[in-house]
Amino acid sequence: MPERGVKPHASFLALCGLALRLVLRRFPLFATATAIAIGLQALLAIVWRVPHAVLLGSFVVLPILTTLVYAFVAADTRPEPMPAAAAWERFLERSWAVVIIDFVLAYIGAIGLSGASSAAPVGAIVGILALGLSAALVFTDAAATVDDDVTVASVIPHAFVRGLTTAWRWPIFPRAIAIFSIQLIVYALENATFTLLQHRHVAEPEFWSQVPILTLVVPPLAALTGLVYLDANEAGANRNEDS
486 MPERGVKPHA
496 SFLALCGLAL
506 RLVLRRFPLF
516 ATATAIAIGL
526 QALLAIVWRV
536 PHAVLLGSFV
546 VLPILTTLVY
556 AFVAADTRPE
566 PMPAAAAWER
576 FLERSWAVVI
586 IDFVLAYIGA
596 IGLSGASSAA
606 PVGAIVGILA
616 LGLSAALVFT
626 DAAATVDDDV
636 TVASVIPHAF
646 VRGLTTAWRW
656 PIFPRAIAIF
666 SIQLIVYALE
676 NATFTLLQHR
686 HVAEPEFWSQ
696 VPILTLVVPP
706 LAALTGLVYL
716 DANEAGANRN
726 EDS
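For the sequence shown, this note's numbering begins at 486 and goes up steadily by one.
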């Protein structure tokens, strides 16, 4: 039972429903941004044939789209209405940090996935630990976007510390695991789609198996991640004030 006067955490299912409603509320914006993101990645991979274009898009284009979703979800859930201009300002001033953070998280995740499938015991242990760290860091880019009172120099270290400390709290860690599990399911879906397209000799199988799936998943998954993070810290703040 929650303490008297302390706001309890919203249920995970309730946050899933709210995430869907917020995405639908901003559907024209998020749909336009998603289409632009897919278009930019198509230009890089199919039209201009930039080396490692799909990887480049996942390191730059997707984090920018993610930041946009975080900024507007945070604006739409504030107790007092926040003008769209303020959300755009937050998006513009924090996108660079999310790009860097997501690059680091992708590197940790790659170590985890490759190590976990390793036949060597040491490699498997390292991989499992890296996957656990990836799960504990799922709120890092949300922290980099929505948290106030940070400077340009402190936003990235603050995001890692705040994201990690938030994820390790009960009952937030199971939610972090759930969000990370969704990411793993998306990764498995990409691999299965790539194998299918390659078997059918479809042109650009890497692009078609990754870019549409990853980009379309960004708005709902980022909305859910942002809401879980905001709910965790709002309830935590109420507990600190009450104690």
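Just so you know, even glycine gets a beta-carbon here, dropped at the ideal spot from N, CA and C.
Note that this is a predicted model, so its numbers are computed, not measured.
If you check the beta carbons only, do residue i and residue j fall under 8 Å apart?
i, j, result
"Ile593", "Ala615", "yes"
"Thr519", "Thr700", "yes"
"Ala591", "Gly600", "no"
"Tyr555", "Thr651", "no"
"Phe645", "Thr630", "no"
"Leu674", "Gly648", "no"
"Ala620", "Ala661", "yes"
"Leu500", "Asp716", "yes"
"Leu706", "Ile667", "yes"
"His494", "Pro656", "yes"
Given residue i, which residues of its chain have a CB within under 6 Å of its CB, disregarding the five upstream and five downstream residues?
i, result
"Leu553", "Ala518, Phe576"
"Pro704", "Val508, Phe515, Val554"
"Pro548", "Val583, Val584, Asp587"
"Val535", "Leu529"
"Ala628", "Ala644, Arg647, Gly648"
"Phe544", "Phe588"
"Ser580", "Ile549, Thr552"
I'd like the list of long-range same chain contacts for residue i, defined as Cβ closer than 7 Å, with 5 residues on each side in sequence excluded.
i, result
"Val558", "Leu507, Ala708, Gly711, Leu712"
"Thr680", "none"
"Asn718", "Thr651"
"Ala560", "Met567, Ala571, Ala572"
"Leu503", "Leu712"
"Val546", "Ala522, Leu525, Gln526"
"Gln683", "Pro690"
"Leu618", "Ile593"
Excluding sequence positions up to five away, which residues of its chain have a Cβ less than 8 Å from the Cβ of residue i?
i, result
"Pro697", "Ile523"
"Leu498", "none"
"Gly612", "Ile596, Gly597, Leu598, Ser599, Gly600, Ala601, Ser602, Ser603"
"Ser496", "none"
Using a Cβ-Cβ cut-off of 8 Å, state whether residue i counts as contacting chain C.
i, result
"Val631", "Of the protein chains in the structure, only one exists, and it is not chain C."
Can you determine whether any heavy atom of the ligand ATP sits closer than 7 Å to the C-beta of residue i, and answer yes or no?
i, result
"Asp626", "You won't find the ligand ATP in this model; it holds no ligand whatsoever."
Meets three-Cβ-pair contact criterion under 8 Å: the stretch 525-535 and the stretch 691-709: The stretch 525-535, when compared against the stretch 691-709, does touch it at the 8 Å Cβ threshold.
Whole runs of the alpha helix (DSSP H) within the stretch 638-708, excluding any shorter than 4 residues: If we require 4 residues or more, the alpha helix (DSSP H) runs fully inside the stretch 638-708 come out as 640-652, 657-684.
In chain order, each alpha helix (DSSP H) run of at least 4 residues that lies wholly inside the stretch 569-604: List check, alpha helix (DSSP H) in window: 569-601.
The stretch 562-572 touching the stretch 639-650, judged by at least three CB pairs closer than 8 Å: They do not touch, by the three-pair rule.
Secondary structure, alpha helix (DSSP H): runs of 4+ residues fully inside the stretch 502-559: Counting only runs of 4 or more, we get 512-527.
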